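Read the structure below first, then the notes.
See below:
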């Protein structure tokens, strides 16, 4: 049976929500969860009937958020180091971690290795849209400074992921820019545009709003920009949420009205909730690594595990290896 | 009496909403509106009792959105060229334009000129927050590629604007980055951080979500990043709006509940609505130029005119000139 390693240490809200997420996934799908973390805290959270589907690798140490990603390679007793080591040794088929994302990325890149031909691995984050399909944005934070060639790789990886893992027939790829016109952009995106225009899947420049309206399936950008727009988006959603809550509570009449809208608010939350997309695969490394948000709740971890299973079953790493082995030289 | 030039051509929805905005402002404040645009279309939109407060400069030509900003300097018969020319000749005290923003910026920079010591003018956009004060983000799109020194200028200009125009006592300035820790950032922001840390007003790195939570008053970034986060934010707000509307309409019971929440939704709209902030001043040029959104409604134009009046009354351009004349050399 497939084994998936879950690093339950180092998340923002402690071990409990992460282990609860693993338990939820175990109830629904067949796999062995290799849980890396503090055994004394983990064991009581696993229901007895699921214990035969769980292996615990005891580990109390983890990379703190304030530590540098570079230090991760020396921290051989940390939970993420142990998780990536298991993946490296084929003891598991995937790693899911809500811990220090920089540490997960550098360990994955160094110990698992890049797919031949991929210049830089990228984090591919799934976003809710108003259409019936989500969109994907990459790089969502792995590479703060990028060269145009990296963005071409991100486009190819995003296209393949959308096709083989998400199951879209003809994924459309856009380049995140400050305007839709071909001549818009900064130095990086203008140079990237020239290279990307040779690909059939490339639909030109898109703007921040296109992340949420489904006008393209994959949005490509450098990791700094990707991170900015994702966090700004979260900020807006949370601001709207807090204004709504405050205003509803300010009068009995609106509280009464809100009772009738519970279903609407639940659907809105479901539609816009990041948890439903679990985690973000680190595309471009040779095996499946899923980076989850530090503040992941149980539902997000459950979904991240489903994502890992889907990535394994779709054999995305082998498909990417095949594509990059046959990649034509980039034209300008 | 103060004269303000309003370029009513080239906005997304035609002349009508722009002129209506001018009319609203004229009803509330004392100034002369110098309206540049197609006289035959403008005249019927001005109520008779306000006509003595209006001068129309007939002009049917304008810079199309698809034209390049660079071409604006040659288009001497265009509405924005005429508006900026009036400002240059001191025939008006400010220009408000919802037309081609690149054209407005390059004409303002070339014909009005930069304040001595300012390396690049920047667009300073006001954003709604969940606190009781708005925040300002600059550069919101004037400079796609920036040097660290530019970001230092943006920080100083944003601080001065927040202090003298918005009236904040001790404005706090943050640097938009991919994490709050001092070592986070891309090459540009890391170099900018080193220079900004010498200023008392500098509160370190902030993230996209800080634009909306009031944790700082001024957020500094390159114009490409600023544009991305603003458009992504608009995209999220509009996605939430459309999901809410769709879900409310899907059942009679929620439609009934929504009746009781009309006040709540109105307040949310008011709080999160960009129109309330009108336009964005182009800081760093020697006179007052307000750049408005191409899709501005009447309310947005009305507010943009109030912003222009406030900028003139606070004498922000002279204050900036004074600050930059006395600016200490940047340390690293």
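Protein chains in written order, with this note's numbering: chain D, 1 to 332; chain F, 1001 to 1332. Backbone N, C-alpha and C fix where the C-beta goes; we use that ideal spot for every residue, glycine too. Source: prediction; values computed, not measured.
When only Cα atoms are considered, residue 263 of chain D and residue 1242 of chain F end up about 16 Å apart. Within the stretch 1245-1264 of chain F, 1247, 1248, 1253, 1254, 1256, 1257, 1258, 1259, 1260, 1261, 1263 and 1264 place their CB atoms closer than 7 Å to a CB of chain D, listed in sequence order. Cβ proximity to chain D below 8 Å picks out 1141, 1144 and 1145 from the stretch 1141-1159 of chain F. Per the Cβ contact rule, the stretch 1297-1304 of chain F is in contact with the stretch 1012-1019 of chain F (3 or more Cβ pairs under 8 Å).
The beta carbon of residue 168 of chain D sits closer than 6 Å to those of 162 and 217, all from its chain and outside the five residues before and after it, given in chain order. Rounded to whole angstroms, the separation of the alpha carbons of residue 1322 of chain F and residue 1232 of chain F is 36 Å.
The beta-bridge partner set that DSSP reports for residue 125 of chain D consists of D:137. Between the alpha carbons of residue 45 of chain D and residue 23 of chain D lies a gap of roughly 8 Å. Neighbours of residue 178 of chain D across chain F, judged by C-beta separation under 7 Å: 1141, 1144, 1224, 1227 and 1228. Cα atoms of residue 1085 of chain F and residue 122 of chain D: separation of roughly 49 Å, rounded to the nearest angstrom.
Taking a Cβ-Cβ threshold of 9 Å, none of the residues of chain D is close to residue 1063 of chain F; the smallest such distance is about 14 Å. Secondary structure within the stretch 1212-1242 of chain F: the beta strand (DSSP E) runs of 3 or more consecutive residues, fully enclosed, are 1218-1220 (chain order). Following the DSSP letters along the chain, one finds residue 1096 of chain F inside the beta strand (DSSP E) bounded by residues 1094-1097. For residue 41 of chain D, the closest alpha carbon among the candidates D:202, D:197, D:9 and D:87 is that of D:9. A residue is called buried once 16 or more other Cβ atoms fall within 10 Å of its Cβ, and residue 239 of chain D is buried on that count.
Counting only Cβ-Cβ distances below 7 Å, residue 1066 of chain F has contacts in chain D at 181, in chain order. Per the DSSP secondary-structure output, residue 210 of chain D pairs with nothing in a beta bridge. Take the alpha-carbon of residue 1283 of chain F and the one of residue 1269 of chain F: they are about 28 Å apart. Residues of chain D with a Cβ closer than 9 Å to the Cβ of residue 1106 of chain F do not exist; the shortest Cβ-Cβ separation is about 14 Å. Assigned with DSSP and collapsed to three states, residue 197 of chain D falls in coil, not helix or strand.
Look at residue 1268 of chain F: its C-beta is under 8 Å from a C-beta on chain D. Secondary structure of residue 100 of chain D (DSSP, three-state): coil.
In the structure shown, residue 1058 of chain F adopts extended strand secondary structure according to DSSP, grouped into three states. With fewer than 16 other CB atoms across the displayed protein chains lying within 10 angstroms of its CB, residue 1 of chain D is exposed. Here residue 1206 of chain F is actually not in contact with residue 1192 of chain F; their C-beta atoms are around 13 Å apart, not less than 8 Å.
For the stretch 1202-1226 of chain F, the set of residues with a beta-carbon nearer than 9 Å to any beta-carbon of chain D comprises 1207, 1208, 1209, 1210, 1211, 1212, 1213, 1221, 1222, 1223, 1224, 1225 and 1226, in chain order. Around the beta carbon of residue 1077 of chain F, fewer than 16 other beta carbons sit within 10 angstroms, so the residue counts as exposed.
At least 8 Å separates the CB of residue 1022 of chain F from every CB of chain D. Residue-level contact check: residue 1291 of chain F does not touch chain D, since none of the beta carbons of chain D fall below 8 Å from its beta carbon. Taking a C-beta distance under 8 Å as the contact criterion, residue 83 of chain D and residue 103 of chain D do not qualify as a contact pair.
Contact between residue 107 of chain D and residue 81 of chain D is confirmed by a C-beta separation of about 6 Å, below the 8 Å threshold. In this structure, residue 36 of chain D and residue 79 of chain D form a Cβ contact; the two beta carbons are roughly 5 Å apart against a cut-off of 8 Å. Distance check between residue 1222 of chain F and each of F:1324, F:1070 and F:1149 places F:1149 closest, using alpha-carbon atoms only.
Remark: C-beta atoms of residue 1096 of chain F and residue 1279 of chain F approach each other more closely than 8 Å. Residue 114 of chain D has its alpha-carbon roughly 26 Å from the corresponding atom of residue 190 of chain D. Cβ proximity to chain D below 9 Å picks out 1128, 1129 and 1130 from the stretch 1124-1138 of chain F.
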